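Okay, so the sequence shown: first residue is 681 according to my numbering, each after it adds one.
We put the beta carbon where it would ideally sit given N, CA and C, even for glycine.
Given the structure is predicted, the values throughout are model-derived calculations rather than measurements.
Comments concern the structure below.
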Amino acid sequence: MHTEAVALALHDESARPRLARERGRLITGIADTFRELEKTEPIALSAQPEAIAETLLGVYLNRMVAELATGERLEKETSTIIEAILETFVHGHDGHGHRTPWNPFSVKKSLE
């Protein structure tokens, strides 16, 4: 989903159904990724994958709208918020049921 699509949907009512379909597709894809990670990585989710996906997508879309409104890049602020969301809802475990911190950047190699 691109910034232009968000801008279009804000001004064109006819674009909203297409944007809603795309949003649903993105949420499903993100949620499926979390389900796969639960199978392949030592992680546990403290919320439903769809709820986490919807929260992450909402933050991203809000960033795009804010960038359109201000003309400023907000990547650092958005990264901080996303990291806090992941720290809240995604936990590592040590194989013995104990929670441990989870580093999302350690997953990159297993997804490639």
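Using DSSP with H/G/I as helix, E/B as strand and the rest coil, what is residue i?
i, result
"Ala727", "coil"
Distance check for residue j and residue i, CA to CA, integer angstroms please.
i, j, result
"Arg779", "Leu754", "32 Å"
"His771", "Leu725", "6 Å"
"Arg743", "Thr750", "10 Å"
Find out if the Cβ-Cβ distance for the pair residue i, residue j is shorter than 8 Å.
i, j, result
"Leu736", "Ile762", "yes"
"Ala746", "Ala711", "no"
Between residue i and the rest of its own chain, which residues show a CB-CB distance below 8 Å, the 5 nearest in sequence each way excluded?
i, result
"Val739", "Thr758, Ile761, Ile762, Ile765"
- Any beta strand (DSSP E) of 3 or more consecutive residues that is wholly inside the stretch 694-727: 723-725
- Uninterrupted alpha helix (DSSP H) stretches inside the stretch 746-774 (no shorter than 4 residues): 755-769
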